Amino acid sequence: MSRPNVLWDVVAELRQRHAGYMRQAYGFIIDALNETVESLPAIRLADPQLRHLSGQELLAGIVRIARREFGPFAPMVFREWGLQHGEDVDRIVFQLIDSHVLSARPGDRLQDVLGGPDPRAALEARDDGGGARPADAP
72 MSRPNVLWDV VAELRQRHAG YMRQAYGFII DALNETVESL PAIRLADPQL RHLSGQELLA
132 GIVRIARREF GPFAPMVFRE WGLQHGEDVD RIVFQLIDSH VLSARPGDRL QDVLGGPDPR
192 AALEARDDGG GARPADAP
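Okay, so the sequence shown: first residue is 72 according to the working numbering, each after it adds one.
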């Protein structure tokens, strides 16, 4: 079985256990996480500890990529997918961590994006999501 098929099998299982998020939300978050990591400065990419994104960096990347991908329809897409708040992104990330699709550092917690930007509100307001691009330092 190929890696993409395994991913979608895991997503199908997660959706059965955790109703509320569309399949596409999982794929988008994984793609946005990968693209945001790839946009890090070379010094951060070279070090696994520095390569790790904060919750706010991930949310800012999600807002930036959603704007590019969906334009003015991004808030509607997020609403359809069940992504109402930053906590929704964090729940999906931790579901993927618990399923061994993603990894976390020992100190990472589900609450890491609490108080961070609300992706849908940021998209509706056309602001930058409350966070700049990933920083040069952790």
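All residues carry an ideal CB built from backbone N, CA and C; glycine is no exception. Since the model is a prediction, treat every value here as computed from it, not as a measurement.
How would you label residue i, buried or exposed, when you count the other beta carbons within 10 angstroms and need 16 or more for buried?
i: His89; result: exposed
i: Gly142; result: exposed
i: Arg115; result: buried
i: Gln127; result: buried
i: Phe149; result: buried
i: Ala117; result: exposed
What would DSSP say about residue i, mapped onto helix, strand or coil?
i: Ala96; result: helix
i: Gly126; result: helix
i: Asp179; result: coil
i: Arg86; result: helix
i: Asp161; result: helix
i: Ala137; result: helix
i: Pro112; result: coil
i: Asp169; result: helix
i: Gly153; result: coil
i: Ala203; result: Low confidence applies here, because Ala203 scores a pLDDT of 44, under 50, leaving its location unreliable and the question unanswered by this model.
i: Ala117; result: coil
When the Cα of residue i is compared with those of the options, which residue comes out closest?
i: Asp189; options: Pro119, Gln166, Asp169, Gly153; result: Gly153
Contact the stretch 128–135 vs the stretch 188–197: 3+ CB pairs below 8 Å | yes
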